[in-house]
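First the structure, in the form of structure tokens, and then the observations on it.
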Amino acid sequence: MNTTQSLQYGKKGLIMQIIPVMLCFFAMGFVDLVGTASNYVQKDLGLSDSQANLFPSLVFFWFLIFSVPTGMLMNRIGRKKTVLISLFITALSLIIPMFGDSYMVMLVSFSLLGIGNAVMQTSLNPLVTNLINGDKLASTLTFGQFVKAIASFLAPIIAAWGATTYFPTFGLGWRALFVIYAVVSFLSISALAATPIEEERPDKASGVGECLKLLGRPFILLCFIGIMCHVGIDVGTNTVAPKIIMERLGLPLEEAGFATSVYFIFRTAGCFLGAFLLRTMSPKLFFGISVALMVVAMVMMTVCHSLTPLYIGIGLVGLGNSNIFSVVFSQALVYAPQEKNEVSGLMIMGLFGGTVFPLAMGFAADAMGQIGAVAVMSAGVLYLMYYTVKIKVIK
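The working numbering numbers the first residue of the sequence shown as 881 and each following residue consecutively.
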């Protein structure tokens, strides 16, 4: 499809199609409940840190395994059906904890949540291209990330409410979070299934080897590494921000942990602003400004030793990193319009950077302190500076 469906259905029709898709983006944010839930599971079951940390690690593992096969699945059954499958897997993962909270039960639940999210992120983003194309694609994907961030924000609030409220939760406690999000998942399935979306004809059948071969194209490889750096900086900041404050100011974790909230506040605000700014500003200029903010942030996180400047630096990382994914992803899709499904699978596989960066940061921090962890993230920012000059003009 060379033109947007707004030409076929009109503005009102397009809005009615976008709303169910944005509800799916909200469901995409359910994966971020794993951080909150793992803390509650660790407390309830008396798990060690290594046992509890296995839960979030599983999420990124499934991105590595399922992203490319999902791109192939879309070629056979279409993007909308693939998104519906991902929503069903997500709903199933949220239902399981209602029947128990043993370690194995939660392991299965989080595994299915990771699989469902890997399939969803691979298929939902290219589905948007059937509604929005050209220079509006990046801003639409960014707005989707803003909607996703709302679900991420609400997860710890709902879990805390379930754990402390006097409102009857039928013995579920904090697991009421799973019930509420399961209901939203089924609403998303119903809304998307009832929404007509005209898709492009399926791409030619392809295998894993053909998908991976796309990495031989220099620009696709640049985008893939860009996604890895974005996610690495994202997960890395969440991990290292409180540790920097504890190391330099001697604050306890209970107080230093607010640094993570600072990051999410600015990241969500950045997604909201980016959804509008990308409609009037060129992706290359916008991307350059975003990376410049992160450069300043890395310098501040390296040299500052007082609380306010450190908070500012952490906030600037959230603001600058908030729209990197949308721009890089849209660049890759537009670069290879005949292979969107395969490209989407490769880009989502790049989320495995959320495992690679923290590991490297951990080794660097052991050797040099938290300044070593910041140095690893800075390497990712330097790569994104290089990527900025490679961004292509979307027409």
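All C-beta atoms, glycine included, are put in the ideal place defined by N, C-alpha and C. These numbers were taken from a predicted model, which means no experiment stands behind them.
Quiz item: Which first and last residues belong to the alpha helix (DSSP H) in which Asn1118 is found?
Solution: That run of the alpha helix (DSSP H) goes 1098-1129.
Exercise. Could you spell out where the alpha helix (DSSP H) holding Ala1056 opens and where it closes?
Key: From DSSP, the alpha helix (DSSP H) with Ala1056 extends over 1056-1073.
Quiz prompt | Secondary structure of Ile1012, DSSP reduced to three states | solution = Here Ile1012 sits in coil by DSSP.
Quiz item: Excluding the five sequence neighbours on either side, which residues of its own chain have a C-beta within less than 6 angstroms of the C-beta of Phe1138, listed in chain order?
Solution: Nothing listed; no residue qualifies.
Quiz prompt | alpha helix (DSSP H) runs wholly inside the region 1184-1220, at least 4 long, in chain order | solution = Every alpha helix (DSSP H) of 4 residues or more that sits fully in the region 1184-1220 is shown, in chain order, as 1187-1201, 1204-1215.
Practice problem: Go ahead and pull the three-state DSSP assignment for Gln888. | Solution: Bear in mind that the predicted position of Gln888 carries a pLDDT of just 44, short of 50, making it too unreliable to give a figure here.
Exercise. Give the secondary structure of Ile1077 by DSSP, where H, G and I count as helix, E and B as strand, and everything else as coil.
Key: In the structure shown, Ile1077 sits in coil (DSSP, three-state: anything other than H, G, I, E or B).
Quiz item: Which residue's Cα is closest to the Cα of Asn997: Asn955, Met1229, Tyr1263?
Solution: The alpha carbon of Asn997 has as its nearest neighbour, out of Asn955, Met1229, Tyr1263, the alpha carbon of Met1229.
Exercise. Output the boundary residues of the alpha helix (DSSP H) element that contains Phe1033.
Key: Boundaries of the alpha helix (DSSP H) around Phe1033: 1017-1044.
Quiz item: Among Pro1076, Ile1107, Ala1136, Ile976, which one has its Cα closest to the Cα of Ala1062?
Solution: Ranking the options by Cα distance to Ala1062, first place goes to Ile976.
Exercise. Would you be able to state if there are at least three C-beta pairs under 8 angstroms between the region 1100-1110 and the region 1203-1212?
Key: Judged by Cβ distances under 8 angstroms, the region 1203-1212 makes contact with the region 1100-1110, as three or more pairs qualify.
Quiz prompt | Contact between the region 1066-1082 and the region 1187-1201 (3+ Cβ pairs under 8 angstroms) | solution = Inter-segment contact for the region 1066-1082 and the region 1187-1201 is absent: fewer than three beta-carbon pairs are separated by less than 8 angstroms.
Exercise. Mark Lys1270 as exposed unless 16 or more other C-beta atoms lie within 10 angstroms of its C-beta, in which case mark it buried.
Key: An exposed status is given to Lys1270, since fewer than 16 other beta-carbon atoms sit within 10 Å of its beta-carbon.
Quiz item: Roughly how many whole angstroms lie between the Cα atoms of Tyr1215 and Met1178?
Solution: Computed Cα separation, rounded: 31 angstroms.
Quiz item: Quick one: what's got a C-beta closer than 7 angstroms to Ile944's C-beta in the same chain, skipping five residues either side?
Solution: The sequence given here places Leu at residue 944; Ile does not occur at that position. Contacts found: Met1229, Phe1232.
Self-check item: Minimum C-alpha distance to Pro936 - residue among Phe910, Arg959, Val948, Arg956
Solution: Measuring from the Cα of Pro936, the nearest candidate turns out to be Phe910.
Self-check item: Cβ distance (whole Å) where Leu1007 is taken to contact Lys961 below 8 angstroms
Solution: Contact between Leu1007 and Lys961 is absent: CB atoms are separated by about 10 angstroms, not below the 8 angstroms threshold.
Quiz item: What is the C-beta distance between Asn1029 and Arg1147, in whole angstroms, given that I count them as a contact (C-beta under 8 angstroms)?
Solution: Rather than Asn, the amino acid found at residue 1029 in this sequence is Ala. Confirmed, Cβ separation roughly 7 angstroms.
Quiz item: Is it buried or exposed for Phe946, if we count other Cβ within 10 angstroms and need 16 for buried?
Solution: Result: buried.
Exercise. Buried or exposed for Tyr1266, please, with buried defined as at least 16 other CB atoms from any protein chain shown within 10 angstroms of its CB.
Key: If you draw a 10 Å sphere on the C-beta of Tyr1266, you find fewer than 16 other C-beta atoms in it, and that means exposed.
Practice problem: Spell out a yes or no on whether the region 1232-1251 and the region 1166-1174 are touching, meaning 3 or more CB-CB pairs, one atom from each, closer than 8 angstroms. | Solution: The region 1232-1251 is not in contact with the region 1166-1174.
Quiz item: Does the count of Cβ pairs from the region 955-974 and the region 1184-1195 closer than 8 angstroms reach three?
Solution: No: fewer than three Cβ pairs fall under 8 angstroms.
Quiz prompt | Candidates Met908, Ser1003, Val901: closest to Met1227 by CA position | solution = Comparing Cα positions, the closest option is Ser1003.
Exercise. Please confirm whether any heavy atom of the ligand FMN lies closer than 8 angstroms to the CB of Phe1167.
Key: You won't find the ligand FMN in this model; it holds no ligand whatsoever.
Practice problem: Go ahead and label Ser1019 buried or exposed: buried means 16 or more other beta carbons lie within 10 angstroms of its beta carbon, across all protein chains shown. | Solution: Looking at its Cβ environment, which holds 16 or more other Cβ atoms inside 10 Å, Ser1019 is buried.
Quiz prompt | 7 angstroms CB neighbourhood of Glu1079 in its chain, flanking five on each side removed | solution = Around Glu1079: Gly958, Arg959, Lys960, Asn1010.
Quiz prompt | Spatial neighbours of Val921 in its chain, beta-carbon cut-off 6 angstroms, leaving aside the 5 residues before and after | solution = Result list for Val921: Met986, in chain order.
Quiz item: Helix, strand or coil for Arg1159 per DSSP?
Solution: Correct three-state label for Arg1159: coil.
Self-check item: Residue burial classification, Gln1218 (beta-carbon count within 10 angstroms, cutoff 16)
Solution: With fewer than 16 other Cβ atoms from the protein chains shown falling within 10 Å of its own Cβ, Gln1218 counts as exposed.
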